[in-house]
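K.L.:
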Amino acid sequence: MTVTSWQVLLPYHLCHRKLQRKMAAGGSGSADYGGHRHHVLHDQNVDKRTCIPMNHLWPNQAPYTVCNSSLSEYGVLGFELGFATASPNALVLWEAQFGDFHNTAQCIIDQFICPGQAKWVRQNGIVLLLPHGMEGMGPEHSSARPERFLQMCNDDPDMWPKASEDFAVRQLYDCNWIVVNCSTPANFFHVLRRQILLPFRKPLIVFTPKSLLRHPEARSSFDEMISGTPAVNLQPPQPPATRKPT
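Oh and the sequence shown: position 234 is 241 in our numbering, straight run, nothing missing.
#1: Starting from the Cα of V198, find the closest Cα among A238, G132, C160 and give me that residue.
#2: E154: which of S171, V187, W167 sits nearest, CA to CA?
#3: By the DSSP assignment, the beta strand (DSSP E) with I185 in it spans what residues?
#4: Which term fits I133, buried or exposed, when burial requires 16 or more other beta carbons within 10 angstroms of its beta carbon?
#5: DSSP state of N62, grouped into three classes?
#6: Rounded to whole angstroms, what is the Cα-Cα separation between P66 and P60?
#7: Would S190 and G140 be called neighbours here (beta carbons separated by less than 8 Å)?
#8: Does DSSP put R24 in a helix, a strand or coil?
#9: Check whether the Cβ atoms of A170 and P192 lie closer than 8 Å to each other.
#10: I'd like to know whether the C-beta atoms of Q113 and S76 end up nearer to each other than 8 Å.
#11: Rounded to whole angstroms, what is the Cα-Cα separation between L98 and Q104?
#12: By the three-class DSSP mapping on this structure, what secondary structure does L78 have?
#13: With distances taken from CA atoms, which of C182, S150, G85, E102 is nearest D163?
#14: Could you give the distance in angstroms between the alpha-carbon of V176 and the alpha-carbon of P210?
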């Protein structure tokens with residue numbers, strides 16, 4: 008069984024993929040959300056000579072762009088929101104180094120990303136990667152405030168949606184944004200793949216601890232990512248007794 012980890016995953020469709028974050032294309036270590044510092048290789052002998060391996064997977068593929076951003080979350084997220092609006096067929100991802108850091112871009116999130124469809128009649132498929140988890144990094148490096156994003160998903164918490172054949176898609180269309188916390192590479196793959204293949208555009212908020220980059224159980228088989236395999240909404244526990252019943 009071939010398995011993969013978080014660092015190698017991005018859905019390889021014929022769409023432009025654009026990743027924007029601080030220190031995305033250089034630096035040391037791999038403590039970042041998707042191992043993005045490994046996405047750009049630097050020539051140690053020739054200044055400014057770089058290579059992005061994922062741009063050389065097969066002929067005629069769509070480009071993959073990795074961008075270093077300034078330390079202005081407000082300005083950078085506003086720019087990426089505009090980029091995603093102008094390029095609806097591109098998969099645009101903005102990552103905060105820690106989920107807490109989205110607070111300095113709060114007006115962009117509250118005034119434009121969340122109410123984009125309801126208030127501005129504009130759809131947008133931007134992806135916000137907000138690493139979240141109490142992992143020993145101290146204050147301002149632990150909580151992406153998922154409760155705020157969950158509270159802002161819909162207008163009326165007392166409204167019960169009507170059941171219909173297109174309930175799953177309609178539920179995604181009617182909400183302000185999609186909030187996920189993926190615990191396996193396969194689910195992360197399916198979430199990003201669905202993001203670009205939906206017949207409409209909807210912001211995606213991803214909360215996932217950085218610790219899963221190294222967790223031995225955070226692995227998925229490629230068999231879970233082939234055609235016909237869906238994302239799993241709930242990952243049931245799989246102790247040894249369930250894997251080899253006697």
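For every residue, glycine included, the Cβ atom is placed at its ideal position computed from N, Cα and C.
P.N.:
By the coordinates alone:
#1: A238
#2: V187
#3: 185-187
#4: buried
#5: helix
#6: 13 Å
#7: no
#8: It is a strand residue.
#9: Not in contact: A170 and P192 (Cβ atoms no closer than 8 Å).
#10: no
#11: 19 Å
#12: coil
#13: C182
#14: Rounded to whole angstroms, the gap between the alpha carbons of V176 and P210 is 14 Å.
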